[in-house]
Amino acid sequence: MSLWEKTQRLQGDALDQLRNVYTQCFPIEVRHYCAQWIEEQPWEGVDTYNNQHEKMATGLLKNLLKEVENKAKHVSPTDFVTKMKLEEAMAYLREHYGRSPLNFVQITRNMLETEKHLVELAEHPGNITDASAPSTKTGPNGPLMQQFELLQRATKTTDSDLNILQHEQESFVILYQEKYQIEEALARQAGTPSEPRLRQRKEQVDQNLSQKANSILEKRMHLAKKHLDSIQNLEKVQNVVLNEHLMSWRRNQQLSGNGVPFFNNLDQIQQWCEMLGDVILQNRQQLQRVESLRTQLPIPMEPQQDLLPSLNAKITALLSSLVTSTFIVERQPPQVMKVSNKFSCSVRLLVGNKLNVHLTPPKVAGTIISEAQANALIKGDKSAITNSAGVIVNNNGLMEYNQAAKQLVVNFRNMALKTVKRSERKKHQEAVTEEKFCLLFQSKFNVANEMTFQVWTLSLPVVVIVHGSQEAQATAVIMWDNAFAELGRVPFEVPKEVLWKALAEQLNFKFKSQIGTGLCEEHLRFLAAKLLGRKEDTMEDLSNVKVSRAKFHKENLIERKFTFWEWFYDAMKLVKDHLQDLWNNGCIHGFLAKQTAQDWLLQKAPGTFLLRFSDSILGGVTIAWIRQDSESEIREVLSIQPYTSKDFQIRSCANRIRDLAVNLEFLYPDIPRDQAFSKYYTATEPQKLTGPNDYVASDLHTTIPIFGAGGGSGRSRSVTPFSIQSPHSPGESVQDPRSVMSQHSEMNAAANDMDFTDTNSPENMERWLNDESLHESLSSFEPPTDAAISQNELYNILYPGPNPGAYNLPSH
Numbered sequence: 001m002s003l004w005e006k007t008q009r010l011q012g013d014a015l016d017q018l019r020n021v022y023t024q025c026f027p028i029e030v031r032h033y034c035a036q037w038i039e040e041q042p043w044e045g046v047d048t049y050n051n052q053h054e055k056m057a058t059g060l061l062k063n064l065l066k067e068v069e070n071k072a073k074h075v076s077p078t079d080f081v082t083k084m085k086l087e088e089a090m091a092y093l094r095e096h097y098g099r100s101p102l103n104f105v106q107i108t109r110n111m112l113e114t115e116k117h118l119v120e121l122a123e124h125p126g127n128i129t130d131a132s133a134p135s136t137k138t139g140p141n142g143p144l145m146q147q148f149e150l151l152q153r154a155t156k157t158t159d160s161d162l163n164i165l166q167h168e169q170e171s172f173v174i175l176y177q178e179k180y181q182i183e184e185a186l187a188r189q190a191g192t193p194s195e196p197r198l199r200q201r202k203e204q205v206d207q208n209l210s211q212k213a214n215s216i217l218e219k220r221m222h223l224a225k226k227h228l229d230s231i232q233n234l235e236k237v238q239n240v241v242l243n244e245h246l247m248s249w250r251r252n253q254q255l256s257g258n259g260v261p262f263f264n265n266l267d268q269i270q271q272w273c274e275m276l277g278d279v280i281l282q283n284r285q286q287l288q289r290v291e292s293l294r295t296q297l298p299i300p301m302e303p304q305q306d307l308l309p310s311l312n313a314k315i316t317a318l319l320s321s322l323v324t325s326t327f328i329v330e331r332q333p334p335q336v337m338k339v340s341n342k343f344s345c346s347v348r349l350l351v352g353n354k355l356n357v358h359l360t361p362p363k364v365a366g367t368i369i370s371e372a373q374a375n376a377l378i379k380g381d382k383s384a385i386t387n388s389a390g391v392i393v394n395n396n397g398l399m400e401y402n403q404a405a406k407q408l409v410v411n412f413r414n415m416a417l418k419t420v421k422r423s424e425r426k427k428h429q430e431a432v433t434e435e436k437f438c439l440l441f442q443s444k445f446n447v448a449n450e451m452t453f454q455v456w457t458l459s460l461p462v463v464v465i466v467h468g469s470q471e472a473q474a475t476a477v478i479m480w481d482n483a484f485a486e487l488g489r490v491p492f493e494v495p496k497e498v499l500w501k502a503l504a505e506q507l508n509f510k511f512k513s514q515i516g517t518g519l520c521e522e523h524l525r526f527l528a529a530k531l532l533g534r535k536e537d538t539m540e541d542l543s544n545v546k547v548s549r550a551k552f553h554k555e556n557l558i559e560r561k562f563t564f565w566e567w568f569y570d571a572m573k574l575v576k577d578h579l580q581d582l583w584n585n586g587c588i589h590g591f592l593a594k595q596t597a598q599d600w601l602l603q604k605a606p607g608t609f610l611l612r613f614s615d616s617i618l619g620g621v622t623i624a625w626i627r628q629d630s631e632s633e634i635r636e637v638l639s640i641q642p643y644t645s646k647d648f649q650i651r652s653c654a655n656r657i658r659d660l661a662v663n664l665e666f667l668y669p670d671i672p673r674d675q676a677f678s679k680y681y682t683a684t685e686p687q688k689l690t691g692p693n694d695y696v697a698s699d700l701h702t703t704i705p706i707f708g709a710g711g712g713s714g715r716s717r718s719v720t721p722f723s724i725q726s727p728h729s730p731g732e733s734v735q736d737p738r739s740v741m742s743q744h745s746e747m748n749a750a751a752n753d754m755d756f757t758d759t760n761s762p763e764n765m766e767r768w769l770n771d772e773s774l775h776e777s778l779s780s781f782e783p784p785t786d787a788a789i790s791q792n793e794l795y796n797i798l799y800p801g802p803n804p805g806a807y808n809l810p811s812h
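Residue numbers (UniProt numbering): 1 to 812.
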């Protein structure tokens with residue numbers, strides 16, 4: 001079932017959130033009629049922050065327009081409305097994304113990610129952690145939206161009350177002017193018959209003025225109380241948006257650095273922030289009007305009754321908090337940062353559109369600061385950041401407003417850290433990979449042409465390295481920080497120990513994000529035993545077991561010269577680089593103890609094998625299989641010397657398993673070898689020689705020495721495979737390269753009759769050298785006189801001993 005088919009089954013809040021996705025940015029008709037095409041495109045292959053990928057993005061947009069156009073042409077003539085909708089959708093896509101194809105890709109990708117998350121949440125609600133799941137209160141009819149509706153309604157009410165107050169004050173002014181005119185008339189007509197009538201009117205006006213003044217004062221006080229209620233409710237809603245939703249987004253963004261699924265609802269949060277900004281500005285403008293009216297008509301009141309000064313201070317503080325809190329790092333820089341390597345990141349102002357900041361786009365500057373500087377800045381000491389902790393190039397940018405997405409963002413596409421200033425480390429302090437930095441972004445802009453804001457935000461912590469060998473340790477530091485940083489912490493403090501189950505969850509997320517398929521309970525139990533230095537069958541309930549950071553990535557494993565993290569990291573890297581498909585299809589057990597593998601295999605038929613990670617070699621995987629001697633029927637489990645990344649660069653794992661077909665027949669528990677691995681084999685195409693001087697390509701094959709009888713039942717031992725490879729053509733002087741291959745085949749045939757148990761044994765080497773059939777094959781090879789290779793050299797190439805060149809052919 002396609003993603004779109006699953007998406008159409010959503011209900012309730014999930015359906016409401018889906019509606020929000022398609023409100024303005026993407027025509028839902030296009031998603032519906034081009035569902036299959038959209039889901040098949042390589043959206044993830046486009047880096048939307050790299051201008052060099054704009055051509056690829058443009059191609060995707062053009063192809064989608066063609067797809068929509070084709071759908072519109074084939075719509076039934078009777079379905080006129082659908083055809084019109086698709087044509088309108090094409091016009092919309094051209095208008096909004098024709099000049100910004102990278103933004104089109106970003107929005108489409110976010111749309112698909114949102115759908116996947118909502119579907120996964122609906123299908124497996126228990127599998128989504130609280131950290132990644134969206135709040136069920138974010139739907140249009142949820143409590144938060146109801147609070148916004150109440151705020152907007154209250155703001156309209158106070159605006160209406162303010163208009164009434166203004167009208168009444170204007171009436172007061174008119175009446176006051178009438179009183180002034182009556183007083184002038186009385187002065188001119190004193191003692192005339194009109195004086196009594198004028199005095200009577202003056203008394204009425206005075207009485208009305210007194211009543212109106214009291215009414216105006218009462219309305220001012222009543223309006224101030226309404227504004228106070230609105231501001232208090234604004235504080236509550238803003239606290240929910242900034243300290244719950246936005247803070248949760250920041251935390252989830254950090255967890256996503258460890259591979260935790262990240263529901264990116266930043267657009268929704270921006271919508272809330274803009275609604276807050278709109279209501280705050282309206283209330284602030286109303287308070288300014290109240291202040292203007294009071295200036296025009298100052299009516300005395302008791303100081304304790306005058307709420308206007310505190311209201312102005314509170315609404316200004318709310319606006320300041322909103323602006324400074326919504327200046328965020330939307331796309332984080334790499335947390336393991338190598339000196340001189342280019343990197344990208346982006347900074348976004350969530351209220352830039354509503355506060356009209358985009359009309360005069362502000363500049364943003366990025367610098368790198370130390371942990372101590374970040375700590376001082378959080379405490380309010382801005383002098384601490386006078387000097388940066390390093391030099392970053394291409395660190396200045398101008399915020400750009402994206403009309404289609406309504407986002408004010410600055411993209412730093414080619415930043416690079418040139419130098420870094422390390423803190424002075426004492427002898428007992430940690431290695432350089434323990435030192436954390438962060439990027440500081442600063443900007444300055446005006447709001448409403450009257451308020452100037454100086455804003456700043458910090459990136460997630462980064463560890464700076466200068467060599468690839470530091471990457472594993474730096475990744476461990478960052479992983480622990482991302483996983484266990486507490487909200488509101490002092491930068492960048494982390495706990496010294498955590499529960500194993502919390503660490504196991506992070507290891508699973510990390511592995512799954514890198515490989516595709518995560519770790520099962522069996523894997524995690526093995527990892528716990530390895531980290532804690534215990535045997536699996538002796539471990540108690542692990543729910544309350546704690547693990548220290550030192551044990552995780554600083555202290556060496558028992559009887560090893562490497563840490564737990566180094567071992568896990570190299571195993572994960574090996575799978576990612578060479579074994580990913582095999583792992584995702586269940587062909588590798590991997591995290592399995594040697595004794596457990598032996599116990600499993602001893603219960604199976606001979607030729608059954610499995611793949612597990614080596615305990616002693618970093619980034620090594622071994623093949624263990626059960627062998628039974630044909631004569632003595634003795635069974636033993638053998639393990640091939642572990643293969644590493646270098647081995648798989650020469651020949652893939654699946655091809656090596658095919659090479660060992662005689663020994664390896666069934667993948668544990670009982671899957672035929674070819675059924676499990678055949679789709680990963682590399683097909684060998686027959687060579688076509690078009691001329692006498694063509695080179696013949698060589699091939700590489702893995703073999704295992706032949707074992708004699710012996711060994712006890714249930715034994716386990718390791719064996720060393722070696723490769724037999726056809727020699728390269730000896731040179732242009734060889735006239736018929738095909739004859740070299742055929743003679744070499746004869747030499748191989750002779751060699752196959754020997755015992756290759758110990759390739760490093762001088763005694764065996766001497767015996768091989770005295771083998772007549774082998775000498776006969778070698779002696780028949782007669783290169784031309786100008787050939788650049790001798791028989792001895794050829795022999796040493798084919799069968800190298802412990803000291804190449806040390807053995808010479810006997811003279812004939």
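The beta carbon of each residue, even a glycine, is placed where N, CA and C say it ideally should be.
- The segment 65-110 is shown to contain whole alpha helix (DSSP H) runs of 4 or more residues at 80-97, in chain order.
- In this structure, DSSP gives Leu162 a helical state, which the three-state scheme calls helix.
- Under a 10 Å Cβ-count criterion, Asp694 is classified as exposed, with fewer than 16 other Cβ atoms of the shown protein chains found around its own Cβ.
- Pro333 and Ser256 do not touch by the CB rule: their CB atoms are close to 14 angstroms apart, not below 8 angstroms.
- In this model, Leu242 and Ser325 are separated by some 7 angstroms (Cα to Cα).
- Ile558 is a Cβ neighbour of Gly533, given a cutoff of 7 angstroms.
- A Cβ-Cβ separation of about 6 angstroms places Val323 in contact with Val351 under the 8 angstroms criterion.
- Ranking Leu223, Val68, Gln106, Gln253 by CA distance to the CA of Ala91 puts Val68 first.
- Nearest to Asp47 by alpha-carbon distance, out of Asp13, Asn396, Gln106, Asp267, is Gln106.
- Sorting Leu151, Ile164, Ile385, Arg201 by C-alpha distance to the C-alpha of Ser230 places Leu151 at the top.
- Taking a C-beta distance under 7 angstroms as the contact criterion, Leu582 and Arg612 do not qualify as a contact pair.
- Around the CB of Ser548, fewer than 16 other CB atoms lie within 10 Å, so the residue is classed as exposed.
- With a 10 Å radius around the Cβ and a threshold of 16 neighbouring Cβ atoms, Asp481 comes out buried.
- Residue range 500-515 is occupied by the alpha helix (DSSP H) that includes Lys510.
- Two segments are said to touch when three or more pairs of C-beta atoms, one from each, lie closer than 8 angstroms; by this definition the segment 263-283 touches the segment 236-252.
- Under the DSSP definition of a beta bridge, Lys546 partners with Leu499.
- Residue pairing by DSSP places Pro672 opposite Phe666 in a beta bridge.
- Beta-bridge pairing by DSSP links Trp456 to Gln442.
- By the C-beta density criterion, Val463 is buried, having at least 16 other C-beta atoms within 10 angstroms.
- Between Leu228 and Leu318, the CB-CB gap reaches or exceeds 7 angstroms.
- Across the structure, Val260 and Ala72 are spaced so that their CA atoms are roughly 40 angstroms apart.
- By the Cβ neighbour-count rule, Met539 is exposed, with fewer than 16 other Cβ atoms within 10 Å of its own.
- In the displayed model, His701 falls within a strand according to three-state DSSP.
- Non-local beta-carbon contacts of Ser100 in its own chain, meaning distances under 8 angstroms to residues more than five positions away in sequence, involve Asn402, Ala404 in chain order.
- Burial is judged here by how many other beta carbons sit within 10 angstroms of a residue's own beta carbon; Leu398 has fewer than 16 and is exposed.
- In this structure, DSSP gives Gln407 an extended state, which the three-state scheme calls strand.
- Boundaries for Asn396: no alpha helix (DSSP H) harbours it, while the beta strand (DSSP E) harbouring it runs 396-398, taken from the DSSP string.
- Per DSSP, Glu522 lies in no beta strand (DSSP E) segment; the continuous alpha helix (DSSP H) that holds it begins and ends at 521-532.
- Pairing Val420 with Gly468 gives a Cβ-Cβ distance that is not under 7 angstroms.
- Counting along the chain, the unbroken beta strand (DSSP E) around Gly390 starts and ends at 390-393.
- Going by DSSP, Ala374 is part of the alpha helix (DSSP H) stretching over 371-378.
- The Cβ atoms of Arg109 and Trp43 sit closer than 7 angstroms to each other.
- By the CB criterion at 7 angstroms, Asn258 and Ala483 fall inside the cutoff.
- Around the CB of Asp206, fewer than 16 other CB atoms lie within 10 Å, so the residue is classed as exposed.
- Proximity of the segment 562-571 to the segment 609-628 meets the contact definition, three or more beta-carbon pairs being nearer than 8 angstroms.
- Residue pairing of Ser210 in beta bridges, as defined by DSSP: absent, with no partner found.
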